[in-house]
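Engineer:
Written as structure tokens, this is what we have:
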């Protein structure tokens, strides 16, 4: 049997490694280290401390670069053997050297058991000799993963994960496509490594090893079952926590929805009170009331949907809680969680009571909404009557405005014609003044022809000017009349909207036109500038618009002919007692077609005269 490897002192490391001279054995302060055989350079932070999993004894310090063999064994990637010292000073060997099994990775290698120097626990194998060009080296350790613990070299309290550079198969079987290997074939076991030592130990060692293997399988199965139970338990706990969180969120959302519904109902009540107050003075109450009613219907619909959703959520929560209870019956250690779930169920019962009270409040609010809907229908009926009255008055106002606009357009045309006539008269005056300043020796025939022709032109021009000026004045009076009537109609509509008793207002409105016409007739009879009652522009046809008889004017009277014509025209159209007696008090309202026909007739008459 090979003797145990003596534990070297720290100066032994410095003597074998010149790069480590002057340093102690603590790997946390080592400088970068290069393996002489492999040439791999590793920094000091890549070192890990290898400890025994049973006694926690430090086996040594190694670079954190490993080659995995199968699933259960590791070997250092930078520890070639005796030529380059392995910094695992607490690992000893025991037992008789033997050869590895054929068709395995260690086939042809001379192996020996590796143990912890402190507790004598088997932690793997050591390759004493290896074949030429083998993947393993002489003196290389093959450590069992379950028997060692890796800790950080800088902090021994922190575990370190092995950095696997390469993975090798323990069993050199046929290719996977010909004979697929089972997990049992990939599972490495060094049970067969002790076959060479079976002769001296006898049959008892084989039975003991078989018993240990069976116990190890039982332990692994029990561990797997325990892990599965723990995992199922943690899954159930997490599921219960999620369901409880969802339940609490649902309860909070239902409470928030209830508070929001109460706020909406209170706001709706205040809006309805404002609507009742504004419905007496506003013409757009109907649209706003319709919008509020639609909003109320939407709110009621949303409340119903929220209630149905709450019921469905509560039913889902109950179903989830029932399934949770069914799952928790299999686990005896979850009684405390079940008690908390029962408390939450009591909270759900209280939530159900709150929902019942919310339904009662909704029923009351529905009754209030029905009452408000009836009030809104009454207000809608009244507003419809007011709207009809306003539409009728508006149509009258539109017709009046249209007639006024037509009158204004006609007056503008007449004004342009008057201005052109004035320019002609001015030109005639200039010609007459020039003729007066330089009179030619007239003959009797020229004097008579000049006087009659010029006087005819002058007389016709003065007549046209007078007639059109009188028509402009009549159009201005009609426009004032229309404006007065529009103001009266607006005042009437305002009075009808503010009067509480709508029936009396309607009767008064129907009976007022005649009285208003009488008042207007008396008003225009007292006013000397007004010549007729408000019967429309069509009444101007009653006046005689034909020019007066031509008069012979002398040259001295010719300059004042325009003013005389204006005076005669004004006197002609000024209201006299006889003219006021002949004027009709009120005529039928003319339509747009009649107004257009009247304007066309007048324009044709002026064209013919011109």
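In our numbering, the protein residues as written are 92 to 701.
Cβ atoms here follow ideal geometry from the backbone N, Cα and C, with glycine treated the same way.
1. Give a yes or no on contact between the region 468-479 and the region 562-576, applying the rule of three or more CB pairs nearer than 8 Å.
2. Got a sec, what are the start and stop residues for the beta strand (DSSP E) residue 189 sits in?
3. Spatial neighbours of residue 260 within its chain, please: CB distance less than 6 Å, with the 5 preceding and 5 following residues excluded, ordered by chain position.
4. Classify residue 558 as helix, strand or coil using the three-state DSSP reduction.
5. Inspect the beta-carbon positions of residue 232 and residue 160 and report whether they are closer than 8 Å.
6. In angstroms, rounded to a whole number, what distance separates the CA positions of residue 299 and residue 151?
7. Please work out which residues of its chain come closer than 6 Å, Cβ to Cβ, to residue 86, disregarding the five sequence neighbours upstream and downstream, and give them in chain order.
8. Rounded to a whole number of angstroms, what is the C-alpha to C-alpha distance between residue 359 and residue 450?
9. According to DSSP, which residues form a beta bridge with residue 195?
10. If we count the other Cβ atoms within 10 Å of its Cβ and call it buried at 16 or more, is residue 186 buried or exposed?
11. For residue 210 versus residue 145, is the C-beta distance shorter than 8 Å?
12. Which residues does DSSP pair with residue 240 in a beta bridge?
13. Beta-carbon separation of residue 463 and residue 394 under 8 Å?
14. Would you say residue 331 and residue 442 are within 8 Å of each other, going by their C-beta atoms?
15. Given a threshold of 16 other Cβ atoms within 10 Å of its Cβ, counted over all protein chains shown, does residue 216 qualify as buried or as exposed?
16. Taking residue 343 as the reference, which of 315, 404, 378 has the closest Cα?
17. If you draw a straight line from the C-alpha of residue 444 to the C-alpha of residue 427, how long is it?
18. What are the partner residues of residue 153, as DSSP defines its beta bridges?
19. Quick check: residue 412 and residue 446, are their CB atoms within less than 8 Å of each other?
20. Hey, out of 379, 353, 301, 141, whose CA is closest to residue 248's CA?
21. Which of the three DSSP states is assigned to residue 205 in this structure?
22. Looking at the strands, I want to know which residues DSSP matches up with residue 213.
23. Classify residue 255: buried if its beta carbon has 16 or more other beta carbons within 10 angstroms, exposed otherwise.
24. Do residue 222 and residue 202 count as a contact pair if the criterion is CB distance below 8 Å?
25. What three-state label does DSSP hand residue 615 in the structure shown?
26. Return the chain-ordered list of same chain residues with a C-beta closer than 8 Å to the C-beta of residue 277, the five sequence neighbours on each side being excluded.
27. Which one or two residues does DSSP pair with residue 166 in a beta bridge?
28. Going by the CB atoms, is the gap between residue 165 and residue 234 shorter than 8 Å?
29. Output yes or no for whether 8 Å exceeds the beta carbon distance between residue 524 and residue 573.
30. Where does residue 218 sit, in a helix, a strand or coil, going by DSSP?
31. Whole angstroms are fine: how far does the CA of residue 379 sit from the CA of residue 498?
32. Under a three-way DSSP split, which group does residue 248 fall into?
33. Which residues in the same chain have their Cβ closer than 7 Å to the Cβ of residue 439, if we skip the five residues on either side of it in sequence?
34. Report the start-end ranges of each beta strand (DSSP E) in the region 285-368 that is 3 residues or longer and not cut off at the edges.
Structural biologist: According to the structure shown:
1. no
2. 182-190
3. none
4. helix
5. no
6. 31 Å
7. Because the chain is modelled from 92 through 701, residue 86 falls outside the range shown and cannot be assessed.
8. 18 Å
9. 262
10. buried
11. yes
12. 142
13. no
14. no
15. buried
16. 404
17. 26 Å
18. 139
19. no
20. 141
21. strand
22. 206
23. exposed
24. no
25. Only weak support exists for where residue 615 lies, its pLDDT of 44 falling under 50; the coordinates are left without a value.
26. Confidence at residue 277 is low in this model, with a pLDDT of 38, below 50, so the placement of that residue is unreliable and no value is reported for it.
27. 158
28. yes
29. no
30. strand
31. 40 Å
32. coil
33. 405, 408
34. none
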